[in-house]
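Heads up, the sequence shown stops at 118 in my numbering, and the numbers go up one at a time, no gaps.
All residues carry an ideal CB built from backbone N, CA and C; glycine is no exception.
Below is one structure, written out as structure tokens, with a few remarks after it.
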Amino acid sequence: MPEWIEFPIKDHNDFQEWKEERLNPYHPGRYPKNWEELPFWALLPRQLKSLERIKNKDV
60 MPEWIEFPIK
70 DHNDFQEWKE
80 ERLNPYHPGR
90 YPKNWEELPF
100 WALLPRQLKS
110 LERIKNKDV
């Protein structure tokens, strides 16, 4: 069983450092290098076209 030592964030400065390191959406390591090639992104244009067709029918 792991032993608890202490919380990683002890004060506001620790939180600010953690936030800048971990929650930066522009950090190059945040997404895989082949992000555009993943299946979801490959299907997205086709899904958006379907949504546009549905919207246009309702009008």
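Here the alpha carbon of L82 sits roughly 38 Å from the alpha carbon of N115. Here the alpha carbons of M60 and E79 stand approximately 31 Å from one another.
Inclusion of W77 and I68 in the CB contact set at 7 Å is warranted, their separation being smaller than that value.
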